[in-house]
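Right, one structure below, let's go through it.
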């Protein structure tokens, strides 16, 4: 057996496999009525999720065994590839848009969402760049160069349009800047400068305004712009403490338009209840703890920043998805890692977990190398 495998963080490994298995079950449970209606077969979404899970496991194993320093070495290639794909997807004809958005490149029967690749590429590229810069990241000119790179990626994603993902990537990147040692005053100033642009982006787009209004006045818009959020809350309420049982949720019976993607946490809460939902969130919380622990023990700054970025991104997606489903923030369309159906998201999530485990194996390896002894 590969000795490196024995040094990986088994807490992350076990949680990943648990969530992966439960995710396949949940996708089927939440999607079979919709699959039967649209495609004439209850297992339509399940079959595709199983294929993605298998592909994801292959990528997971591959990235566990690829030294993360190799990714650092090719970080510029990854970053440029992400930019090229983001430009390519925007250049596609309107006939290839899905619901008016150009976010996906079709690979066989699967849709490849470019922003998922861009997230990993950006984290790797920033981790490598910040390690090279060292304390120079505190210089205003150097910081602005990095901000430009971040805004270039986020700006292209906004144009797809995918405002929620772009905003998440910006938050993840700013968190990386902070951990890398950038001045808190510089970051605060930039944050304040970005707020008007965010508000303008929301106010200038009708469907974004509607989401905000539906969130703020949900009780007055139960049948129109606040319908999805209201139905998600009903589903969670129906679940009670212990749920109605797997397969028993009513909200997936065409009350929620996307029960297996954007609102899978509501279905989860209805079927396994408040207690089950807490257990799932507890598993995610444990993964975040272990991920941050890996970041603290990584053998170099690039590993620390990469582990932090991957872990922070996982937490950000979980928190935002859950917050949407329990009515704390407006609807965003952000998936729940491991548990939502959708494109190649599962493959990229498993790939990022593989990278994290490779970092953990090297951190432990360094931890157990005995200190050199002086000659007798």
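In my numbering, the protein residues as written are 250 to 625.
Think of the CB as a built atom: it goes at the ideal place given N, C-alpha and C, for glycine as much as any other residue.
Which residues DSSP lists as bridging residue i, in chain order
| i | result |
| --- | --- |
| residue 362 | 353 |
| residue 347 | 350 |
Selection from the options that minimises the alpha carbon distance to residue i
| i | options | result |
| --- | --- | --- |
| residue 626 | 603, 499, 602, 593 | Since the displayed the chain opens at 250 and closes at 625, residue 626 lies outside it and no answer follows. |
| residue 504 | 491, 350, 478 | 478 |
| residue 552 | 260, 325, 384, 609 | 609 |
| residue 263 | 441, 370, 491, 532 | 532 |
| residue 514 | 293, 281, 574 | 574 |
| residue 487 | 460, 473, 520 | 520 |
| residue 524 | 490, 335, 404, 502 | 490 |
| residue 548 | 438, 554, 612, 461 | 612 |
| residue 556 | 389, 604, 470 | 604 |
| residue 447 | 470, 420, 426, 388 | 420 |
| residue 399 | 409, 424, 352 | 424 |
| residue 426 | 256, 443, 266, 393 | 393 |
| residue 438 | 396, 476, 409, 282 | 396 |
| residue 411 | 449, 428, 363, 380 | 363 |
| residue 277 | 284, 285, 295 | 295 |
| residue 330 | 308, 369, 351, 564 | 369 |
| residue 327 | 352, 350, 366 | 366 |
| residue 414 | 440, 545, 582 | 582 |
| residue 498 | 563, 266, 282, 268 | 282 |
| residue 404 | 601, 450, 325 | 450 |
| residue 578 | 493, 596, 338, 461 | 461 |
| residue 268 | 563, 572, 580 | 563 |
| residue 484 | 543, 607, 570, 516 | 516 |
| residue 260 | 473, 599, 539 | 539 |
| residue 418 | 512, 518, 560 | 560 |
| residue 572 | 511, 382, 595 | 511 |
| residue 350 | 312, 406, 301, 315 | 406 |
| residue 343 | 526, 409, 492 | 409 |
| residue 606 | 285, 352, 536, 466 | 536 |
| residue 443 | 316, 416, 286 | 416 |
| residue 458 | 372, 381, 580, 341 | 580 |
Span of the alpha helix (DSSP H), counted from its first residue to its last, around residue i
| i | result |
| --- | --- |
| residue 397 | 389 to 407 |
| residue 541 | 513 to 546 |
| residue 708 | Because residue 708 is not part of the residues shown, which for the chain are 250 to 625, the question remains open. |
| residue 570 | 550 to 574 |
| residue 257 | Residue 257 -> no alpha helix (DSSP H), and no H or E assigned at all. |
| residue 314 | 293 to 314 |
| residue 642 | There is no way to answer for residue 642, as the model of the chain reaches only from 250 to 625. |
| residue 412 | 412 to 429 |
| residue 480 | 476 to 488 |
| residue 445 | 433 to 452 |
| residue 591 | Segment: none, residue 591 is in no alpha helix (DSSP H) and carries neither H nor E. |
| residue 507 | Counting along the chain, residue 507 falls outside any alpha helix (DSSP H), and DSSP gives it neither H nor E. |
| residue 455 | 455 to 465 |
| residue 322 | 317 to 322 |
Closer than 7 Å: residue i CB and nearest the ligand ZN heavy atom
| i | result |
| --- | --- |
| residue 442 | Inclusion of the ligand ZN in the displayed structure is not the case, the ligand content being empty and no account of it being possible. |
Minimum Cβ-Cβ distance from residue i to chain C less than 8 Å
| i | result |
| --- | --- |
| residue 479 | In the displayed structure, chain C is absent; only one protein chain is listed. |
- request: Spell out a yes or no on whether the segment 315 to 326 and the segment 366 to 383 are touching, meaning 3 or more CB-CB pairs, one atom from each, closer than 8 Å.
  value: yes
contact_flag[the segment 569 to 588, the segment 254 to 272] where n(CB pairs < 8 Å) is 3 or more: yes
task: Please confirm if the segment 467 to 481 is in contact with the segment 502 to 521, defined as three or more CB-CB distances below 8 Å between the two stretches.
output: yes
message: Pairs of beta-carbons, one from the segment 430 to 448 and one from the segment 382 to 396, closer than 8 Å: are there three or more?
response: yes
- request: Check whether the segment 282 to 301 touches the segment 326 to 337, counting contact only when three or more Cβ pairs, one atom from each stretch, lie closer than 8 Å.
  value: no
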